Amino acid sequence: AAPTFRDKLMEAYKANRPEFPEDLGVQLPYVRRFCAALGVPIVEREGFEADDVMGTLGREGEAEGFDVFLVTGDEDLFQLVNERVRVLKPSRGTDQPEVLCDAAKVEEILGVKPEQVIDWLALTGDPSDNIPGARPLPGKEPELAPGAKRRSYIGPKGATEIIRRFHTLDEALAHHEEIERQSYREALRDFRNEALLSRALATIRTDVPLETHADDLRLRPPHVPELVALCRELGFSSLLREFLEEALAPAAEAGEPAFEELRSARAVAKWIKALPPKAPLAIAFEVEGNEGFAGTLRALALADGARRGLVQIDTAPGLLEAARPVLESSGAGARPKSVHNSKLLALQLAKAGVALAGVEHDTLLYAFLLDPLASNYALPEVVLRRFGCKATGSLVESADLTRQLAGLFVPEVGQEGLQPLYDQIELPLAAVLADVEAAGVRIDPEILTQMSREFERSLTVLTREIYGLAGGAFDIDSPKQLGEVLFDKLKLPGGRKLKKSGQYSTEAAVLESLAEKHELPRKILDYRTRAKLKSTYIDSLPRYLDRATGRLHSSFNSAGARTGRLSSSNPNLQNIPTGDEFGLLIRSAFVADAGALLISADYSQIELRVLAHMSGDPVLIEAFSSDQDIHARTAQEIFGVPPGLQTHEHRRMAKAINYGVIYGLSAFGLAERTGSSRTESQQYIDAYFARYARVKDFLEACADEARRTGRVRTLFGRLRPIPDIASRDVPARNRAEREAMNTPLQGTAADLLKLAMVKAHARLRRESLGTRMILTVHDELVFEAPEAELDLARAVVREEMEGVWPMAVPLRVDLGAGRNWKEAK
Numbered sequence: 009a010a011p012t013f014r015d016k017l018m019e020a021y022k023a024n025r026p027e028f029p030e031d032l033g034v035q036l037p038y039v040r041r042f043c044a045a046l047g048v049p050i051v052e053r054e055g056f057e058a059d060d061v062m063g064t065l066g067r068e069g070e071a072e073g074f075d076v077f078l079v080t081g082d083e084d085l086f087q088l089v090n091e092r093v094r095v096l097k098p099s100r101g102t103d104q105p106e107v108l109c110d111a112a113k114v115e116e117i118l119g120v121k122p123e124q125v126i127d128w129l130a131l132t133g134d135p136s137d138n139i140p141g142a143r144p145l146p147g148k149e150p151e152l153a154p155g156a157k158r159r160s161y162i163g164p165k166g167a168t169e170i171i172r173r174f175h176t177l178d179e180a181l182a183h184h185e186e187i188e189r190q191s192y193r194e195a196l197r198d199f200r201n202e203a204l205l206s207r208a209l210a211t212i213r214t215d216v217p218l219e220t221h222a223d224d225l226r227l228r229p230p231h232v233p234e235l236v237a238l239c240r241e242l243g244f245s246s247l248l249r250e251f252l253e254e255a256l257a258p259a260a261e262a263g264e265p266a267f268e269e270l271r272s273a274r275a276v277a278k279w280i281k282a283l284p285p286k287a288p289l290a291i292a293f294e295v296e297g298n299e300g301f302a303g304t305l306r307a308l309a310l311a312d313g314a315r316r317g318l319v320q321i322d323t324a325p326g327l328l329e330a331a332r333p334v335l336e337s338s339g340a341g342a343r344p345k346s347v348h349n350s351k352l353l354a355l356q357l358a359k360a361g362v363a364l365a366g367v368e369h370d371t372l373l374y375a376f377l378l379d380p381l382a383s384n385y386a387l388p389e390v391v392l393r394r395f396g397c398k399a400t401g402s403l404v405e406s407a408d409l410t411r412q413l414a415g416l417f418v419p420e421v422g423q424e425g426l427q428p429l430y431d432q433i434e435l436p437l438a439a440v441l442a443d444v445e446a447a448g449v450r451i452d453p454e455i456l457t458q459m460s461r462e463f464e465r466s467l468t469v470l471t472r473e474i475y476g477l478a479g480g481a482f483d484i485d486s487p488k489q490l491g492e493v494l495f496d497k498l499k500l501p502g503g504r505k506l507k508k509s510g511q512y513s514t515e516a517a518v519l520e521s522l523a524e525k526h527e528l529p530r531k532i533l534d535y536r537t538r539a540k541l542k543s544t545y546i547d548s549l550p551r552y553l554d555r556a557t558g559r560l561h562s563s564f565n566s567a568g569a570r571t572g573r574l575s576s577s578n579p580n581l582q583n584i585p586t587g588d589e590f591g592l593l594i595r596s597a598f599v600a601d602a603g604a605l606l607i608s609a610d611y612s613q614i615e616l617r618v619l620a621h622m623s624g625d626p627v628l629i630e631a632f633s634s635d636q637d638i639h640a641r642t643a644q645e646i647f648g649v650p651p652g653l654q655t656h657e658h659r660r661m662a663k664a665i666n667y668g669v670i671y672g673l674s675a676f677g678l679a680e681r682t683g684s685s686r687t688e689s690q691q692y693i694d695a696y697f698a699r700y701a702r703v704k705d706f707l708e709a710c711a712d713e714a715r716r717t718g719r720v721r722t723l724f725g726r727l728r729p730i731p732d733i734a735s736r737d738v739p740a741r742n743r744a745e746r747e748a749m750n751t752p753l754q755g756t757a758a759d760l761l762k763l764a765m766v767k768a769h770a771r772l773r774r775e776s777l778g779t780r781m782i783l784t785v786h787d788e789l790v791f792e793a794p795e796a797e798l799d800l801a802r803a804v805v806r807e808e809m810e811g812v813w814p815m816a817v818p819l820r821v822d823l824g825a826g827r828n829w830k831e832a833k
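Letter by letter, the sequence shown follows residues 9 to 833 in the numbering used here.
Dropping the structure here:
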């Protein structure tokens, strides 16, 4: 932090640099602690820069016979290169690979030898450090007369020519009159002192008085306990996983938990019988293969805190049957069970005819509710984050860790006010999702095969049309070739090259903008849509069909999105397009069993209804309560046009504004969606908030809560941290504000759908109906119902979904039924 000798040479040295970032200052103590814990030496000296310290150590290492590598992207350090010292420039993305610079490489890059680099820098200067070169000092540039041309000085190319001719700065200054180019000659004549000052500023010191010497730089063994503490404090689970192999068990002093291997049905029954009454039981399990319906349950481990047992299901028949009493027990006299991912265990047990019951603690769900920003909720990852150690992977240890995690999480969930959300929604939903996955949905491969042929023909036609518009063939799937066709060959406007690849951006937003001006981008968008749907769904869905059931069993993840929304995998059904012909085509392949029909139950405008409820806006509440078309109502409020006189464009704009408000769109974002100007879009937003004033108050309150507490909540108490809400980075902060406004609405809508799944599933079971829930996508539930009970099933689904929670406005469900999902929609 102290001034360096360069600051004393020139007051304006580095004066153009921005102030030292506050958030970086907070990190530096952690950097020092990490280096110390890793055994990496730190060398610092007040009054000097890092380059000077590196130069001093480099020369000392060279003198002691070391090969020295200076790892830096700063070419100033080229001046230190010789036979012993080289500069390693790190990689900067795929277009700038790592480069090892010896004397020959320095001359190739700058055109001068390493010993000439200081004199070269004296002529060119360094704008980033305010080093002038052979030109006026910063702030001393003469004012230009009207119409006068700006004076030219010596740039990198000129400096290379001069140094190669005269070898040194001193010789160039002494013989400047011999230089043919007038601007170079005058720069050396008029700014001699500035060039000499620049040389002094650019010279890296190699005589810094350091207390650290070469022998002190030996790498020492890391101090694992300190690293564990730091990684736990900062949430660096990847570092723990990658580097801390020595930190193996959370209770290392206890060693591997003692356990009994239960390899016969009799041993299992005896073990269970010996358990203390009502003793809490933790269960760990191992699934081989796919972690979903296609997986195979291989083993169970049971832990009660004092005694552990390992049930080897794969090696002895009848073991699962012997464990059935404890697995299926529930109610007042049952042992409470802890499981990590009770949905997956319930699914695997159901395939074996065992109904898991009595689970009180699902540590995966606890971990998700408490830390919804984590990227992974597998047991080893949660153990790593919570205990700061690496699990060995043994099944018995996993059961013991699950028991420990449950004890850790239960009070935290209560303190955070998340217990009702867990008890009423997340835990019961796990059992529902297990049933949904087990049921699966029937797919008609013949329909998809025919669809694939039709898409292939349309892609062939599109390819010919694209080649015709482009004036020749090219790889349509290559962003590089497409960019060259659009912006170099056809000269379309708006070409923007990406920094990392150097290629033109051809993302969808760019093509959509160009599609208004040229037919080729419009054809490319159509080609991409069809090709993606063909590869992602039409051609791949048949590969997911289970051979035994003939049905598709997608996995639904309750802990898949930060807002609480469900996600799906194997395959991901959430990305099937909605509201267009292609999405409906794909849905036509989802069919009902013989003698059954599919029921589609889709919440209508649920997020807007949630907005009305949570904001308490009287205009919105009145519109929904009287079953008005909310988009028509907004068009009336903003454009002053009654519903009977509104055009399709009025309603389209109103819909974009309604949903744009939910997602925190700026005037710029709304303009992009609607095609209006930024000024018009801002007027629409202002008019919206003038009419729906309570909505504006609510959204601002959400952002204020995030600024005050660092997080926001849904109606049901679900938490979402908003870490970038106070970021100095403006785009990151704006994105965080949009998340703070949208999460309470989108998260509450997700909670309502989850609760509706729990209630509808329970009602269908309670009334012993044959109808079963088989899919959920976004705000929609899909059921398969026997034709004979269709009307009753529809009534049950509507009642449970529309009456799921007391709201200030009615929830509405669009219901349909058909032989396939398309008809039901």
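The C-beta atom is built at its ideal place from N, Cα and C for all residues, glycine as well. If you're wondering where the values come from, they're calculated on a predicted model, not measured in any experiment.
Every alpha helix (DSSP H) of 4 residues or more that sits fully in the segment 214–248 is shown, in chain order, as 232–242. One Cα belongs to R806, the other to L678, and the distance between them is close to 34 Å.
With fewer than 16 other Cβ atoms from the protein chains shown falling within 10 Å of its own Cβ, P501 counts as exposed. The bridge partners DSSP lists for R728 are V720. Approximately 4 Å separates the beta-carbon atoms of T410 and A290; this is inside 8 Å, confirming the contact.
DSSP places T304 in the uninterrupted beta strand (DSSP E) bounded by 304–311.
Between the segment 78–89 and the segment 53–69 there are three or more C-beta pairs closer than 8 Å, enough to call the two in contact. With a cutoff of 9 Å on beta-carbon distance, I321 and L305 are scored as near each other. Check the Cα spacing between F42 and each of L205, Y161, P230, E202: the tightest is with P230. In summary, G479 is exposed, with fewer than 16 beta-carbon neighbours lying within 10 Å of its beta-carbon over all protein chains present.
Looking at the backbone, the Cα of Y671 and that of Q423 are separated by about 30 Å. Excluding sequence positions up to five before and after R736, its CB lies less than 6 Å from no other CB in the same chain. Sequence-distant partners of V469 (beyond 5 residues in either direction) whose C-beta falls short of 6 Å from its own C-beta are missing from its chain. In the three-state reduction of the DSSP assignment, F417 falls in the helix class. Across the structure, A803 and E708 are spaced so that their CA atoms are roughly 39 Å apart. For P344 against G366, the beta-carbon gap comes to about 7 Å, under 8 Å, which counts as contact.
Residue H348 holds the alpha-carbon nearest to the alpha-carbon of A311 among H348, L205, A340, K499.
In the DSSP annotation of this structure, the continuous segment of the beta strand (DSSP E) that includes I291 starts and ends at 289–296. Under the 10 Å beta carbon count, Q190 is surrounded by fewer than 16 other beta carbons and is classified as exposed.
Assignment of beta-bridge partners to T784 by DSSP yields L789. Around the beta-carbon of Y161, 16 or more other beta-carbon atoms lie within 10 Å, marking it buried. About 5 Å separates the beta carbon of L772 from that of T779, a gap short enough to meet the 8 Å contact definition. Take I594, set aside five residues on each side of it, and the residues of its chain with a beta-carbon closer than 6 Å to its own are Y545, I584, in chain order. Relative to K488, the option among G476, Q511, Y475 whose CA is nearest is Q511. In this structure, DSSP gives I451 an extended state, which the three-state scheme calls strand.
F376: member of the alpha helix (DSSP H) spanning 371–378, first to last residue.
With fewer than 16 other Cβ atoms from the protein chains shown falling within 10 Å of its own Cβ, Y38 counts as exposed. For F495, no alpha helix (DSSP H) segment is defined, and its DSSP state is neither H nor E. I139 sits in a strand when the DSSP states are folded into three classes.
P428 and R728 do not touch by the CB rule: their CB atoms are close to 17 Å apart, not below 8 Å. Taking E72 as reference, the option from V444, V93, R660, F697 with the minimal CA-CA separation is V93. According to the DSSP secondary-structure assignment, N565 is paired through a beta bridge with S575. Only residues of its own chain outside the window of five on either side were considered, and among them A711 have a CB closer than 6 Å to the CB of E745, listed in chain order. Below 8 Å, too few C-beta pairs join the segment 428–441 and the segment 272–288 to call them touching: fewer than three. Put simply, the segment 603–623 does not touch the segment 562–581. Fewer than three CB pairs are less than 8 Å apart. Counting the other CB atoms within 10 Å of its CB gives F376 a total of 16 or more, which places it among the buried residues.
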